[in-house]
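Heads up, the thing below is written out as structure tokens.
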Amino acid sequence: MAITIMIQMTVIGRIFKICLYGSMGSVPYATLMNKEISDIGKNYIKNLFALAFQGFFMFTIVVMYQALTRNITVASDPNEAVFTLLLYSVVFVYALFNTSALSKSIFNAH
């Protein structure tokens, strides 16, 4: 239940970020023509690509989480299954919240 809420919060926050990036896109694009301040437009494009790839990374993390949790067997040792699921869930939430930093580091956006 908590993971579902975390995923929904991340997706809704990402939708707001996409709307803000799209609504303010004309200002950074206008700086591309000037040699002195063209870094603003270039960095905007890098951030835009990073934002697009953040969705891909989120999808990949969700698929990996589903694949890992599908193979947990409760029959052998319930305590070990709960601990394993808790560990996977913590790593999942951490990875989900760090997709932005990962994507920005790949595109060298800051």
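Residues 399 to 508 (my numbering) are what the sequence shown spells out, left to right. Glycine included, every Cβ here is placed at the ideal spot set by N, Cα and C.
Taking all protein chains shown into account, decide if Ser498 is buried (16 or more other Cβ within 10 angstroms of its Cβ) or exposed.
On the sequence shown, residue 498 is found 100 positions in, with the first residue counted as 1. Ser498 is buried by the Cβ-count criterion.
Three-state secondary structure (DSSP) of Ala450:
The count along the sequence shown starts at 1 and reaches residue 450 at position 52. Three-state result, Ala450: helix.
Buried/exposed call for Gln452, threshold 16 Cβ in 10 Å
Working through the sequence shown from its first residue, we reach residue 452 at position 54. Buried, by the Cβ-count rule.
What distance in whole Å lies between the Cβ atoms of Gly439 and Leu446, which are believed to be in contact at a cut-off of 8 Å?
The residue labelled residue 446 in the question sits at position 48 within the sequence shown. The residue labelled residue 439 in the question sits at position 41 within the sequence shown. Not confirmed; about 10 Å, so no contact.
Extent of the continuous alpha helix (DSSP H) to which Gly420 belongs
As a first step, residue 420 is located in the sequence shown; it is residue number 22 there, counting from the start. Unbroken alpha helix (DSSP H) run through Gly420: 400-421.
Name the residue from Ala400, Ala479, Ala448, Met456 whose alpha carbon lies nearest to the alpha carbon of Ile504.
Within the sequence shown, the letter at position 106 stands for residue 504. The shortest Cα separation from Ile504 among Ala400, Ala479, Ala448, Met456 belongs to Ala448.
Use the C-beta contact count for Ser513: other C-beta atoms within 10 angstroms, 16 or more gives buried, fewer gives exposed.
Residue 513 cannot be examined here, being either before or after the span of the chain that is shown, 399 to 508.
So, does the stretch 461-470 touch the stretch 414-424, judging by three or more C-beta pairs under 8 Å?
no
Using a Cβ-Cβ cutoff of less than 8 Å, which residues in the same chain neighbour Ile403 once the five nearest sequence positions on both sides are dropped?
Counting from 1 along the sequence shown, the entry for residue 403 is found at position 5. Excluding residues within five positions, none has a Cβ falling inside 8 Å.
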